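When we follow the numbering used here, the leftmost residue of the sequence shown carries the number 9, and every step to the right adds one. All C-beta atoms, glycine included, are put in the ideal place defined by N, C-alpha and C. Everything numeric in this text was worked out from a predicted model, so none of it was measured. To start, the structure itself, in C-alpha cells.
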Amino acid sequence: MRFGKEKRRTPPSVIIVSLIDVLIVVLIFLMVTTHFKNRDAQLKLALPESKEAKAAPAQESKPFMIQIATNVPFFWIESRPVTLERLQNDLTAAARANPKLSVAIKADKNAPFGEVIKVIDAAKIAQVGSINAITEKAK
9 MRFGKEKRRT
19 PPSVIIVSLI
29 DVLIVVLIFL
39 MVTTHFKNRD
49 AQLKLALPES
59 KEAKAAPAQE
69 SKPFMIQIAT
79 NVPFFWIESR
89 PVTLERLQND
99 LTAAARANPK
109 LSVAIKADKN
119 APFGEVIKVI
129 DAAKIAQVGS
139 INAITEKAK
C-alpha cells in the first residue's frame with residue numbers, strides 16, 4: 009500500500025571547481041607565509057677580525073663551506089653537524105667531482121685551533137684547489 013508519489017532522490021552534486029579554487033588559495037597562502045630556512049641560522053659564529061683581509065675572488069662555482077664551532081660537534085656542513093670522517097669523505101667526493109674546488113672555512117674565533125688544522129689537513133688530503141678563511145673586517 010503506497011499512499012503517495014514515490015519521489016526519486018538525486019544524489020547531491022559536489023561542485024569540484026570551487027573546491028579546487030579554495031585549495032589553490034590555501035596553497036598560495038601557505039607558500040607566501042612560510043619562513044624559509046636560513047642556512048646559517050642554526051650555528052652562530054663570532055668570526056675573527058682581520059685588517060688585511062681581502063675579498064674572495066669571483067669564482068664560477070660556490071665554495072665548499074665548512075663551519076667550525078667552539079664545542080662538540082665542531083664541524084658543520086650546510087647547517088648539519090658532521091664527524092671528521094664524514095667531512096673527509098664529503099671533501100674527497102666534492103674534489104673528485106670538481107678538481108678546482110675551493111674550500112671556505114668559517115671558524116668561530118674561540119674555536120680550538122687544532123680543529124681548524126684538522127679541517128685544513130682533510131682539505132689537503134682531498135686535494136682541493138684552494139683553502140680560504142672567512143673573517144670579518146676589523147673596525
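Test item: CB-CB of L92 and A134 under 7 Å:
Contact: no.
Let me know the secondary structure DSSP gives I24 once reduced to three states.
If DSSP states are grouped into helix, strand and coil, I24 belongs with the helices.
Suppose you measure from the CA of D129 to the CA of N106; what does that come to, to the nearest Å?
Rounded to the nearest angstrom, the two C-alpha atoms are 18 Å apart.
Of the residues T143, G137, Q96, A146, the one placed nearest P71, counting alpha carbons only:
Of the candidates T143, G137, Q96, A146, the one whose C-alpha sits nearest the C-alpha of P71 is G137.
Do the segment 57 to 66 and the segment 35 to 42 touch if we need at least three Cβ pairs shorter than 8 Å?
At 8 Å Cβ cutoff, the stretches do not touch.
Expressed to the nearest angstrom, what Euclidean distance is found between the alpha-carbon atoms of W84 and K145?
Roughly 23 Å separates the two Cα atoms.
Would a C-beta distance cut-off of 7 Å place M73 and A112 closer than the cut-off?
Cβ atoms of M73 and A112: closer than 7 Å.
Which residue's Cα is closest to the Cα of E57: S87, T78, D116?
The residue with the shortest Cα to Cα distance from E57 is D116.
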